[in-house]
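Worksheet: one structure, shown below.
2 protein chains.
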Amino acid sequence: MQVQQQIDTLVVAGVGLIGGSFALALKRAGRVKTVIGVGRTLANLEKALTLGVADEISQDIGAVAHRADMVLLASPVGQMGALLAALAPELRPGTVVTDGGSTKSDVAALCRQYLPDHLPWCVPAHPIAGSDMSGAVAAQYGLYENRRVVLTPLAETAPEAVDAVADLWRACGAEIHCMDAAEHDSVFASVSHLPHLLAFSYVDRVAAKANAERCFDFAATGFRDFTRIAGFQQRSHPVQAGSVIDYRAGLDRMAALLEAGDAEGLNRLFGEARAARTRWHQQFLRRG
Amino acid sequence: MQVQQQIDTLVVAGVGLIGGSFALALKRAGRVKTVIGVGRTLANLEKALTLGVADEISQDIGAVAHRADMVLLASPVGQMGALLAALAPELRPGTVVTDGGSTKSDVAALCRQYLPDHLPWCVPAHPIAGSDMSGAVAAQYGLYENRRVVLTPLAETAPEAVDAVADLWRACGAEIHCMDAAEHDSVFASVSHLPHLLAFSYVDRVAAKANAERCFDFAATGFRDFTRIAGFQQRSHPVQAGSVIDYRAGLDRMAALLEAGDAEGLNRLFGEARAARTRWHQQFLRRG
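Going line by line, the protein sequences match chains A and B. If you read the first sequence in the working numbering, its first letter stands for residue 2, the second for the next number, and so on. If you read the second sequence in the working numbering, its first letter stands for residue 2, the second for the next number, and so on.
So this is what it looks like as structure tokens:
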């Protein structure tokens, strides 16, 4: 299976936090010669040129696809279908196509839909990095140092293509994990997307209160931490109806304990949750 | 209205983070001569003596009440009824009774129930301070510096009693706010108790998942911040069924948007929530 190993030209669609930081780290590591930044907003592309995040820019991925040794789709997942459709007729065999989306089953389905003949070179990926900034100005050299990147190769993906992507992420300082797309989506629905939704929904409810100003005035560090992810960009809207409904069932049980004034039941639930959170935090600190 | 102004002897029921830190700060400021620590657990009381948090200790508040110029109930609200019942026959007129509970309507009701003749000297209070530590070892000199303390006097409370309590909290470095108990409870239900419950319930749901270990393994900084308050002591269990139900209604609307794949509606909701959170955070940073 012929897979492009030396990546001279990297096409990055979506030159923001995720794509821009990948480009900066690889250029600093001397792992790519030319980064072509692709996007819809000319102002952001020109910013990317000025900042040295991209060496060339284009608003038409189809026009530059044939030059790519690797393509990173770092746009919202909602825009990837159109990008893949534009790529399909122009890609050379051997050009690795990867992405930075935070959901993977949908990206895998898009690859099958738009690149059915290119699947050996498709490597869906999820770099675990977030920020409250966006656009080319958010790109950082060190964003991926000691961060995790999850690769979810398709059954058809060539091992050499996985290696090529893993190799570049490691050059950015990241640690590679592989799992299948369904398990990835289940894990990140729980630990990332659901808290995002819960925090957004929580802030929305507080802001809707008659005494919202007073509430915000007395909101302190607990509120700050609980809502921090509500200040972050949501890079996609994975359908989390299922996990929202599961969470809501937990709330119903708690509301019942509260209405019953069952302090013992609440203490048990809170105590177990505190213990689980403490165990997790100790592991997290060891993880470094 | 005769109100004890010079507080020579302070009785602190519940020598932990809240009560112990109040005692330490006032002793350092030279504002109290003698702190009598009252509690149920002898080991913690002896620890308080060793650490200099208390000068004397007792397991029977009734036996020391007559010596008190001020009593601070820093126990969980659930234990305050029993403490007030034991105090009632022993209190001198003029002895100020205050507390550190995070809910205030219930404390006001307990004062009316157990100290009907002592209401002029009752000053329900809520120092806004939390920690993941408890017990006398959690007591800190500086805990209340630049923190807020909300006083919720009763209609019957003497202004001089409010002044006496405010004065001591200011000596701890705290900023005083007064509001009625109902408004206090509405504000803190929104910005403190509800996030606590939501975080506890969230951790409980993740821990219950078949792939919980894998979920915890990939939980990162977003999870850490969102769940931090789940590592904190819940000092009481205010019945939040109402706010839980209101929050759940918000989740229902979001689940509907997700099921409908209404990306525009979700973007609007998330965008407004992000903007509200960003505005709040700018105010919070200015607050210092």
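By construction, the Cβ of each residue, glycine as well, lies at the ideal position given by its N, Cα and C atoms.
- For P94(B), the three-state secondary structure derived from DSSP is coil.
- No Cβ-Cβ contact shorter than 8 angstroms links I37(B) with L46(B).
- Of all alpha-carbon atoms in K105(A), V54(A) and D164(A), the one lying nearest the alpha-carbon of A137(A) is that of V54(A).
- For H185(A), the secondary structure class from DSSP, reduced to helix, strand or coil, is helix.
- Across the structure, G232(A) and R171(B) are spaced so that their CA atoms are roughly 34 angstroms apart.
- Inter-residue distance for E91(B) and Q3(B) is about 17 angstroms (C-alpha atoms, whole angstroms).
- Distance check between S187(A) and each of V245(A), I62(A) and D253(A) places V245(A) closest, using alpha-carbon atoms only.
- With a threshold of 16 other beta carbon atoms within 10 Å, P128(B) meets it and is buried.
- DSSP lists V151(B) as the bridge partner or partners of H178(B).
- CA-to-CA, the gap between V97(B) and S106(B) works out to about 18 angstroms.
- The secondary-structure analysis by DSSP pairs L73(B) across a beta bridge with V13(B) and T99(B).
- The beta carbon of A213(B) sits closer than 8 angstroms to the beta carbons of V207 from its chain, once the five residues preceding and following it are set aside; these are given in chain order.
- Look at the segment 244-261 of chain A: the residues with a C-beta under 7 angstroms from a C-beta of chain B are V245, I246, D247, Y248, R249, G251, L252, M255, A256, L259 and E260.
- Between the alpha carbons of A256(B) and Y248(A) lies a distance of about 11 angstroms.
- In the three-state reduction of the DSSP assignment, A126(B) falls in the strand class, which pools E and B.
- Looking at the DSSP output, E273(A) bridges to nothing.
- Any Cβ of chain A closer than 8 angstroms to the Cβ of N212(B) would place that residue at the interface, and such an atom is present.
- At a cut-off of 8 angstroms between beta carbons, S106(A) makes no contact with chain B.
- The count of Cβ pairs closer than 8 angstroms, one atom from the segment 187-204 of chain A and one from the segment 158-172 of chain A, stays below three, leaving the stretches out of contact.
- By the neighbour-count criterion, in which a residue is buried when 16 or more other Cβ atoms sit within 10 angstroms of its Cβ, T222(A) is exposed.
- Taken through DSSP and simplified to helix, strand or coil, T222(A) comes out as helix.
- Under the DSSP assignment, T35(A) falls outside any alpha helix (DSSP H), being part of the beta strand (DSSP E) whose first and last residues are T35 to V39.
- Going by DSSP, S202(B) is part of the alpha helix (DSSP H) stretching over L195 to A208.
- Contact of D226(A) with chain B by beta-carbon distance below 8 angstroms involves D226, F227, R229 and I230.
- Contacts with chain A at 8 angstroms (Cβ-Cβ) do not include S22(B).
- One alpha carbon belongs to P125(A), the other to A89(A), and they sit about 16 angstroms apart.
- For P196(B), the closest Cβ of chain A is nearer than 8 angstroms.
- By the neighbour-count criterion, in which a residue is buried when 16 or more other Cβ atoms sit within 10 angstroms of its Cβ, L169(A) is buried.
- Chain order gives the chain A residues near E273(B) as D205 and A208, where near means a beta carbon separation below 8 angstroms.
- For the pair L73(A) and L116(A), the CB atoms are not nearer than the 8 angstroms cut-off.
- Listed in chain order, the non-local C-beta contacts of C216(B) below 8 angstroms within the same chain comprise V207 and K210, local neighbours out to five positions each way being set aside.
- DSSP, read as helix, strand or coil, puts E57(B) in strand.
- Three or more beta-carbon pairs separated by less than 8 angstroms link the segment 262-281 of chain A to the segment 195-207 of chain B, which places the two stretches in contact.
- N268(A) sits in a helix when the DSSP states are folded into three classes.
- By alpha-carbon distance to D253(A), the top candidate from L258(B), G243(B), L155(B) and K28(B) is G243(B).
- Annotation for G21(B): V54, A137 and A140 place their beta carbon closer than 6 angstroms to its own, counting only its chain and skipping 5 residues before and after.
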